[in-house]
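If you're matching positions, the sequence shown starts at 43 in my numbering and goes up one per residue.
To start, the structure itself, in structure tokens.
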Amino acid sequence: MISSDRIGLAIIILAAIVMTWAVWQVASLQSANDRSRWCTVWSLVERGTFQIDEIDADEKWSTIDKVRHRNSDSEPYHFYSSKPPLLSTAVAALYWLERNTLGYSLTEHTDFVSRLLLFVVNVLPMVLCLLSLRKTLRLIEVDGRSLWLLLTSAAFGSMLNPFLTTLNNHTPAAVSLVFCLSAMTRVCLSNGPRGRDYAIIGFTAALTCCFELPAALFGLLTFVFVVKRDWRKTAACYVPAAIVPLAAFFVTNIICTGGIKPFYAYYGTDKYVYVHEGIPSYWTTPQGIDANAESPAVYLFHCLLGHHGIFSISPIFLLTIVGWHLTFRRKHYLKLLPIQLMGASLSLIVLTFYLTRTANYNYGGNSAALRWMLWMTPFWWYGMIPAVQKLAASRRGVALVVLLLAVSIYSSAYSLQQPWKPGWIFDRMQTAGLIDYHTKVPPFSPARYSLIAKLPDAPGMVGQWTQSVGPRQTLQITSAAAISIDNGEAIPLRLNLQFLESQTVKTATLVILVESFRNGDDISQWLRTARFASEAAVFEQPGTAVDRVSQAANLTAAPVWVLDLLRGLPSSRAFNAASQRYLKYTRSDGEKWALKCDRGASRVAFEDPEFGQCWQRCDVYFCDELPFGMAQWKITTTSVATREVVRSELWTCRNLP
């Protein structure tokens, strides 16, 4: 018969295989959060600096989790990761070793290098952590069935696993905590604890604090724990060991920031809220779940039982509450009472702390779990021990544990390769309409059926656009002074479309019927072909009175090619409004700048003579600062059969300020 010890080891081996597979399958640079740290890793090794300006300029690596900082008014601003630099520095040391042995670059071989480093930084420590937990469970004489259930919970049933696939501070903090609790358990059970355990407690407790700043109280509690038992070993072993990670934390932070405060302690200041090259930082106006303004009661519900709930996502931790009750009221595992008291009180204190930070009501952003509580998971494993021991004595009890564990494993598996996306409960609630954290974008008023979003402010407006993707073409639209047609106001337009390769030109003389435009009618209703007695009088002398000429105008339907061009689509469909974006460009003086634009998008199906049934999508950047409100538009044609992009166009305004 296979021993319980071997089954426990088999569980850990299986977990190691699953974790390794997940890391080697996951996409790299998953979110702004981990990109922020990867940018620092690259900059330290490749450029020898904590500044991330260069790598952040690459769209693939760009992150919103950054600050703009300078040490004095005489220095230029630079971007830095908002994350404390200790973890990134440690990973950079590993990257330097890999770079100088295997020779692979983080930018050129992103997937291989990032996965290799994650395996070393996350997977191997987690496997060692599970081995340590197994040894501790044997030390406190947990029976075989309970040991299997507890190890399975730790190996597969927590939301730590999804975060093993990304560079983050939560998993190393949890691993440090496991080793710390193992050493504390040995101290609790030993009549003459070794100095080595005091050193381990000091080092790992301080390291946990360095990775998770809210764990500072835990560090203080461990000091009280050891000093009450043996102040001499505390002074000789605990304190020197604790100084090592603390010194590394403060030294790296001082080098990076110029002070002892980490950058994210400046949230809400000008380090986070700024305008760079015409673009405000993301944290000036947070979007989506980052702009959450729920009440403390609603926030608490979702933290415990809702879409990011500790107990709804991982119901196995309901047994932690039962276990604490058994420990405090029925005196089970009295020797572990200090650890259980620490776990219960810290869980309550940390949760309360974040409930007071109303500006951070975002559940840890777009993530699969309540990230800032993840480091406490080992405390919850310890809290479960009395409850699992009690339930494992009966079949019904085991069935209950397995049921709770099955849901917890499902939650972890659902998010295993996407920790930076909300979990399955969030998805179900959002689909059912129970929650909606999307930033509301009001529809265009009036409706927009064309790329033209703005009427000319004055006669003689000239707009020019160049096609940089697709066939080389230029478009020029010239307006004239408003005229009167059938007692209604109209604005004459001259349109020139030039094909640069063939040197051919298409032209059209048009008018915009102002009232129809302002009513939000389809472009075919307000854009007409016009014939004037003297076009020169209309377009070349825009300041003269042209009422006499305008009365002679003869209006007909606009040409199909004009309608298709200015719709951006082969048939009529209104543009849906999307969130605002910035169009980056370089001014004539070389300065980089950006224009704030309103985005619109629309898509229609049509029959393409070459590719058959296709979708054509038009994405537009509207900007009132530019002629006719047209900053840029992109047209994408996709084959329905192959789902491949078969044609693309990108037009950009040449009248940028």
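Glycine residues also receive a C-beta, built at the ideal position from the N, C-alpha and C atoms.
Here Tyr-405 is not bridged, per DSSP, to any residue. Straight through space, the alpha carbons of Asn-75 and Thr-91 are spaced by roughly 19 Å. Look at Phe-205 here: in three-state DSSP terms it is helix.
With respect to the 8 Å criterion, Ile-533 and Leu-569 are not classified as neighbours on the basis of their beta carbons. By the C-beta density criterion, Phe-648 is exposed, having fewer than 16 other C-beta atoms within 10 angstroms.
Residue pairing for His-318: DSSP places it in a beta bridge opposite Ile-321. Listed in chain order, the non-local C-beta contacts of Arg-629 below 6 Å within the same chain comprise Trp-635, local neighbours out to five positions each way being set aside. Counted as a single uninterrupted DSSP element, the beta strand (DSSP E) harbouring Cys-656 occupies residues 654-664.
In the three-state scheme derived from DSSP, where H, G and I count as helix and E and B as strand, Pro-118 is classed as coil.
For His-212, the uninterrupted alpha helix (DSSP H) segment begins and ends at 212-231.
Classified as buried, Asn-408 has 16 or more neighbouring CB atoms from the shown chains inside 10 Å of its CB. For the pair of segments examined, the segment 679-691 was found not to touch the segment 636-644: the number of CB pairs separated by less than 8 Å stays below three. Annotation note: the segment 522-568 contains the following uninterrupted beta strand (DSSP E) runs of length 3 or greater, listed N- to C-terminal: 525-527, 530-541 and 546-555. Within a 10 Å sphere around the beta-carbon of Tyr-119 sit fewer than 16 other beta-carbons, which makes this residue exposed. A contact between stretches requires three or more CB pairs, one per stretch, nearer than 8 Å, and the segment 414-426 meets this requirement with the segment 352-361. From the listed residues Phe-581, Thr-694 and Ile-302, the smallest Cα separation to Gly-502 is found for Phe-581. Apart from sequence neighbours up to five positions away, the residues of its chain that approach Phe-541 with a beta-carbon distance below 6 Å are Gln-515, ordered along the chain. Residue Pro-214 holds the alpha-carbon nearest to the alpha-carbon of Asn-164 among Ala-410, Glu-150 and Pro-214. Runs of the alpha helix (DSSP H) spanning 4 or more residues and lying entirely within the segment 83-150 occur at 95-98 and 127-141, in chain order. Between Met-672 and Leu-412, the C-beta gap is not smaller than 8 Å, which leaves the two residues out of contact. A direct Cα-to-Cα measurement between Ala-248 and Thr-369 gives close to 27 Å. Gln-658 and Arg-560 have their C-alpha atoms roughly 26 Å apart. Nearest to Tyr-308 by C-alpha distance, out of Arg-110, Leu-379 and Ala-225, is Arg-110. Under the rule that a run must span 4 or more residues, the alpha helix (DSSP H) segments found entirely inside the segment 284-357 read 338-346 and 352-355.
A Cβ-Cβ contact shorter than 8 Å links Ile-519 with Leu-537. Going by C-alpha positions, Lys-548 is about 58 Å away from Ala-134.
Assigned with DSSP and collapsed to three states, Met-503 falls in coil, not helix or strand. About 6 Å separates the beta carbons of Arg-141 and Val-87, which is inside the 8 Å limit, making them a contact pair. In this structure, the beta-carbon distance from Leu-397 to Pro-338 falls below 8 Å.
Within the DSSP bridge table, the entry for Cys-252 names no partner.
The Cβ atoms of Cys-298 and Pro-127 lie closer than 8 Å to each other.
Between the C-alpha atoms of Cys-345 and Ser-200 there is a straight-line separation of about 15 Å. Separation of Arg-77 and Trp-103 (C-alpha to C-alpha, rounded to the nearest whole angstrom) is 6 Å. Looking at Arg-89, Phe-121 and Arg-490, the one whose alpha-carbon comes closest to that of Ala-99 is Phe-121. Counting every other CB atom within 10 Å of its CB across the protein chains shown gives Lys-270 a total below 16, marking it as exposed. Straight across, the Cα-Cα distance linking Ile-677 with Glu-319 is about 27 Å.
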